[in-house]
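Following: one structure in structure tokens, then a few remarks.
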Amino acid sequence: MQPFTQLTGIVAPLEALNVDTDQIIPKQFLKRIERTGYGPMLFFDWRYLADEKTPNPDFEMNAPRYQGASILLSKDNFGCGSSREHAPWALENYGIRCILAPSFADIFYYNCFNNGILPVKVASETVDQLFAEVRASEGYQLTVDLEALRIVKPDGSTIAFEIHPFLRERLLNGWDQIGLTLRHEDKISAYEKARAIA
Amino acid sequence: MAKTIYQKIWDAHEVYTPAGEDPILYIDRHYAHEVTSAQAFEGLRLAGRKVRHPELTFAVMDHNIPTKDRDKPIADVLSRAQIEALRNNCAEFGIECFDMFDERNGVVHVVGPELGLTLPGMTIVCGDSHTATHGAFGALAHGIGTSEVEHVLATQTLLQKPSKTMEVRVSGKLGAGVTAKDVVLAIIGKIGTAGGTGYVIEFTGEVIRALTMEGRMTVCNMAIEAGARAGLVSPDEKTFAYLRGRRYLPANKSFDALSAEWAQWASDAACSYDTVVELRGEDIEPQVTWGTSPGMVTGVSGHVPVLAEIADANTRLAAKNALAYVGLAEGLPITDIKINKMFIGSCTNGRLEDLRAAAKVAKGHQVDPSIELAIVVPGSYAVKKEAEAEGLDTIFREAGFEWRDPGCSMCLAMNDDRLNPGDRCASTSNRNFEGRQGKDSRTHLVGPAMAAAAAIAGHFVDVRNWDYK
């Protein structure tokens, strides 16, 4: 997994509450058995017109000024619904490495950490302010610094954020979960022995 | 010290907590289906890893499979490839698989309990958010992502942070015609779709105790729609009675010995929770969702909200977007909402009790001519067989409903069972998200009797006043 240390990038606004994983990637794309290549299907139903090819001009992220965005700004309860890891796969493949929102759904939140994506919980008022700033200036970029636990705005001011130290450590190092757990394989064996699991 | 069922199960499954890291939790049962497992098996192959305990994982095809003409080859190439991938992966890694025509096939969350694979005190995971269903048995059960599926296959454990605990106590008694689905929708309406985030919910109170095991599964199933990863009900005599004689019960112990062990998992009387939410059964009427999130719900005597009456700006924004999508006028009475399609089934409401309730409504009536499609999809082959033995299929057919083979079907519309743009569906499933049942289609979540009644009337009606024949 690719590590996440510091990221500077364009911020794309997605002003909706309860963005569910069905919206992030609709079910018709879950039939593939690959782990990559989901970027073009991201936000499919919102992103394209009925012909499923033409970008929907009313979908804000489609505007030229947000192309190449690596930071997504959204509202409460981002990633709710289905546990499909295709959602972070699609975001990552599209180029999103960091999501800023007041709150995230649990399963999605932890799925991000297995895919090198940093979900940052930012206070609701700050998010509203960021929406205004992003729209006010084309090319608006933020720097998200996971080591320093802060977001740096274009004017140099900062927003501090918190994250569980172990999740931070995992992202900073790009650690694979299975590798981490297998360091303690002896403990698992001992547990199984005690419970007589053959 | 008095413990909740969650704390008891957690304590019994915590393998080890490395300093400064997440606890390693042992997983007793892992269910796999075709949509979220292929990449996990591929990951194992690439890393040269094997499945640590193939005998603790059971797989079933359910999301993609057709619900009619199943004997014909699956036309959708990708669906077929995904089903074949699960079949091949199970063969390669030595995992038991309930294939499309196996009598044990069905929706994974219907099949696990009916086979006795889901037991009190277990930790259960599956790459599917509705794994919460199994919590009805007093198992700690929740959905995981595909990377975690791979982790469970490789290590039989999961890295987990402890959750906070929430008690949702439903006291009193339900009125006639009010079901488990109405209870859970009312709970979500009260606490919101993110109200349970970070929590495991234990459902308690007289109403929950009075529910059948099937009803408890319906309630726990939708814990995830309230944001909670897992929902739980402490096991009791009803739990044990349901499990008696099930196919996969441990063979090395008597049923009495097993029941005595299971009883130990129930929350201690003096335990406490981080948060407590209370509802009264008497206050709950049949529920209907009006928007694009399960929390956008009201009683059947209610109406679509008026935006100006919503105080919170964010809630108002979400309601405004939802109404634009579902094409409903502000203030419209729920019973004035006309539908053109109906779906009964899913891991929420695809069990025998659900089909019985719907058939009771359907009996002697006819689906309204305005209804273009009304399908009944049993949750499993076992449910289908039992329903047919009772003649429910005949009642449905005579009333104008289609009777199908089991599967996830129109709950998420991965197979051919999907809505067209502009369709409006009364659905017993669990999600009314935009496009969930088909692009630009509109979903109203209800219980099985309410769905059947809506199909017969052509619009939502209060099933408490139904003319049973």
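Chains A and B are the protein sequences, given in the same order. In terms of the working numbering, the numbers along the first sequence are unbroken and rise by one, the last being 424. In terms of the working numbering, the numbers along the second sequence are unbroken and rise by one, the last being 475. Glycine included, every Cβ here is placed at the ideal spot set by N, Cα and C.
Item                                                                                                                                                                       : Value
Show which residues of chain B have a CB atom less than 7 Å away from the CB atom of A/Gln403.                                                                             : Ser153, His157 and Leu165
Applying a beta-carbon distance threshold of less than 8 Å, which residues of chain B neighbour A/Asn208?                                                                  : One cannot answer for residue 208 of chain A here, as it falls past the ends of chain A, which runs 227 to 424.
Kindly indicate which residue of A/His312, A/Pro290 and A/Thr234 has the alpha-carbon position closest to the one of A/Leu268.                                             : A/His312
Nearest by alpha-carbon distance to B/Arg110: which of B/Asp446, B/Gly100 and B/Ser386 is it?                                                                              : B/Ser386
Pull out every residue of the region 34-47 of chain B whose Cβ sits closer than 7 Å to any Cβ of chain A, in chain order.                                                  : Val41, Thr42, Ala44 and Gln45
The alpha helix (DSSP H) with B/Ala18 in it runs from where to where?                                                                                                      : Ile11 to His19
Where does A/Asp412 sit, in a helix, a strand or coil, going by DSSP?                                                                                                      : helix
Residues of the region 269-301 of chain A with a CB closer than 7 Å to any CB of chain B: list them in chain order, please.                                                : Asp271 and Lys301
Would you call the CB atoms of B/Val174 and B/Val283 closer than 8 Å?                                                                                                      : yes
Could you check how far apart the C-beta atoms of B/Ala458 and B/Ala364 are, in whole angstroms? I think they sit under 8 Å.                                               : 4 Å
For the beta strand (DSSP E) that B/Lys170 lies in, which residues bound it at each end?                                                                                   : Lys170 to Ser177
Below 9 Å between beta carbons is the criterion; list the residues of the region 426-453 of chain B that meet it against any residue of chain A, in chain order.           : Pro427, Arg437, Phe439, Glu440, Gly441, Arg442, Lys445 and Asp446
Nearer than 7 Å: is that true of the beta carbon of B/Ser299 relative to any heavy atom of the ligand PLP?                                                                 : Of ligands this structure carries none, so the ligand PLP is not represented either.
Check this for me: beta carbons of B/Ile340 and B/Leu180, under 8 Å apart or not?                                                                                          : no
Does any C-beta atom of chain A lie closer than 8 Å to the C-beta of B/Asp134?                                                                                             : yes
Below 8 Å CB to CB, which residues in the same chain sit around A/Ser329 once its five sequence neighbours on both sides are set aside?                                    : Asp302, Asn303, Phe304 and Lys347
Output the distance between the C-alpha atoms of B/Asn471 and B/His465, rounded to the nearest integer angstrom.                                                           : 14 Å
If we ignore side chains and look at the alpha-carbon of each, how far apart do B/Val158 and B/Leu164 end up?                                                              : 6 Å
Pop quiz: B/Gly233 and B/Ala200 are said to be a contact at Cβ under 8 Å. What is the actual Cβ separation, rounded to whole angstroms?                                    : 4 Å
So, at 6 Å on beta carbons, what are the nonlocal neighbours of B/Ile71 in its own chain, with the 5 sequence-adjacent residues on each side left out?                     : Met106 and Gly413
Using beta-carbon positions only, say whether B/Thr139 and B/Met223 come within less than 8 Å of one another.                                                              : yes
Please classify B/Glu396 as buried or exposed, where buried requires at least 16 neighbouring CB atoms within 10 angstroms.                                                : exposed
Just checking, does the region 427-435 of chain B make contact with the region 120-136 of chain B on the three C-beta pairs under 8 Å criterion?                           : no
For a test of the three-state rule: what should DSSP assign to B/Cys226, helix, strand or coil?                                                                            : helix
Here's a check: name, in chain order, each residue in its chain whose Cβ is nearer than 7 Å to the Cβ of B/Val197, leaving out the five neighbours to either side.         : A small fix is needed here, since residue 197 of chain B is Ile in this sequence, not Val. Contacts found: Ala232 and Val283.
Of the residues B/Pro292, B/Phe349 and B/Leu285, which one's Cα is nearest the Cα of B/Ile462?                                                                             : B/Phe349
One question on the structure: do B/Arg476 and B/Lys74 come within less than 8 Å of each other, judged by their Cβ atoms?                                                  : Chain B is shown only over 7 to 475; residue 476 of chain B falls outside these bounds and no answer can be derived.
Run through DSSP, which three-state label would B/Met348 get?                                                                                                              : strand
Check this for me: beta carbons of A/Ile297 and A/Val370, under 8 Å apart or not?                                                                                          : yes
For B/Ser415, count neighbouring C-beta atoms within 10 Å of its own C-beta (all shown protein chains included) and say buried if the count is 16 or more, exposed if not. : buried
Taking all protein chains shown into account, decide if B/Val83 is buried (16 or more other Cβ within 10 angstroms of its Cβ) or exposed.                                  : exposed
Following the continuous beta strand (DSSP E) through B/Ser85, name the residue where it begins and the one where it ends.                                                 : Premise fails: B/Ser85 lies in the alpha helix (DSSP H), Val83 to Phe99, not in any beta strand (DSSP E).
Taking only beta carbons into account, state which residues of the region 264-294 of chain B come closer than 9 Å to chain C, listed in chain order.                       : Looking at the structure shown, chain C is missing, and the protein chains on hand are A and B.
Using the Cα positions of B/Ser177 and B/Val469, report the straight-line distance between them to the nearest angstrom.                                                   : 22 Å
In three-state terms, what does DSSP make of B/Gln162?                                                                                                                     : coil
Residue range of the beta strand (DSSP E) that A/Val346 falls in?                                                                                                          : Leu344 to Lys347
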